[in-house]
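> Reading the sequence shown from the start, the letters are residues 915 to 1092 in our numbering.
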Amino acid sequence: SHLLMGGALIGVGMVLAGSCPGTIFVQMGSGLQNSFLTCLGAICGVLFYYGFLFARLTKDEVPKSSIVLQQLPELMGVKRIYLNLMFGSIFIGTAFALEHFIPYKNDLITPKGLHSLVGWSPALCGIGIGSLQLFFMMLFKKSLGISTGFTVLVAQLCRVKSFKKLIPSLEPFTYGVQ
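#1: With distances taken between CB atoms, is the gap from Phe1054 to Ala1037 smaller than 7 angstroms?
#2: Using 10 angstroms around the beta-carbon of Cys1072, count the other beta-carbons present and answer buried if the total reaches 16, otherwise exposed.
#3: Taking 8 angstroms as the limit between beta carbons, can you name the residues of its chain near Thr952, skipping five residues before and five after?
#4: So what does DSSP say about Asn1020, is it helix, strand or coil?
#5: Rounded C-beta distance between Phe1064 and Ile957? I'm assuming under 8 angstroms.
#6: Helix, strand or coil for Tyr1089 per DSSP?
#7: Can you give me the C-alpha to C-alpha distance between Gly925 and Gly1059, rounded to a whole angstrom?
#8: I believe Lys1056 touches Phe1049 by the beta-carbon criterion, under 8 angstroms. Please report the beta-carbon distance rounded to the nearest angstrom.
#9: Roughly how many angstroms lie between the CA atoms of Ser1035 and Phe1005, to the nearest whole one?
#10: Could you tell me if Ile1081 is buried or exposed, where buried requires 16 or more neighbouring beta carbons within 10 angstroms of its beta carbon?
#11: Can you list, in chain order, the residues of its chain whose CB lies under 7 angstroms from that of Gln1047, leaving out five sequence neighbours each side?
#12: In terms of residues, what are the limits of the alpha helix (DSSP H) holding Lys1075?
#13: Give the single residue among Leu1067, Tyr1089, Gln985 and Ser949 whose Cα lies nearest to the Cα of Leu961.
#14: Going by beta carbon distance, what residues of the same chain come within less than 7 angstroms of Met919, once the five residues before and after it are set aside?
#15: Grab the span of the alpha helix (DSSP H) containing Arg994 for me, first residue to last.
#16: Determine the burial state of Ser949: buried for a count of at least 16 other Cβ atoms within 10 Å of its Cβ, exposed for fewer.
#17: Compute the distance between the beta-carbons of Ser1083 and Phe966, then report whether it is under 7 angstroms.
#18: Between Arg994 and Ala922, what straight-line distance do the alpha-carbon atoms span, to the nearest angstrom?
Pasting the structure below:
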């Protein structure tokens, strides 16, 4: 239940902040007014989690047979590649359909060519990010993500001995991801 609660909390946080961990730095770079507060909120969230909750809510406490630790392919008895292709096709189709019915070019300022566009096709950008994700999964067996980046950022405080004693669970992230 605490894993479901965590997922719900991050979802509510993204709705309230109008951002997700992966886009906050882009928003900060573009000067969005509330982006610095959103970033500060993410940093406070890391401090709160590792300071008060980490020891109580580790995966080790959840039985290995628990449904919350199983992934969709395991639950459905289907090979992962088939589910990936199915969901990928659905999302790509949805992105192109939305782009067709809600053209992004209407919001651009005088587009005159590919290199002068203020924005690119959201569907094609999504395909590019998905391709990067596929590359990382195949080559490194890890997915791209920024959420742990906040943990690594805050863990730099562990280089200060007094902070390291205060929140020791952050120390393993000091030199990057575990």
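Glycine included, C-beta positions come from ideal geometry on N, C-alpha and C.
These numbers were taken from a predicted model, which means no experiment stands behind them.
Let's see:
#1: no
#2: buried
#3: Ala931, Gly932, Ser933, Ile938 and Gln941
#4: helix
#5: 6 angstroms
#6: coil
#7: 16 angstroms
#8: Not quite, the Cβ-Cβ distance comes to about 11 angstroms (not below 8 angstroms), so this is no contact.
#9: 15 angstroms
#10: buried
#11: Ser1057 and Leu1058
#12: Lys1075 to Leu1080
#13: Leu1067
#14: none
#15: Arg994 to Phe1015
#16: buried
#17: no
#18: 25 angstroms
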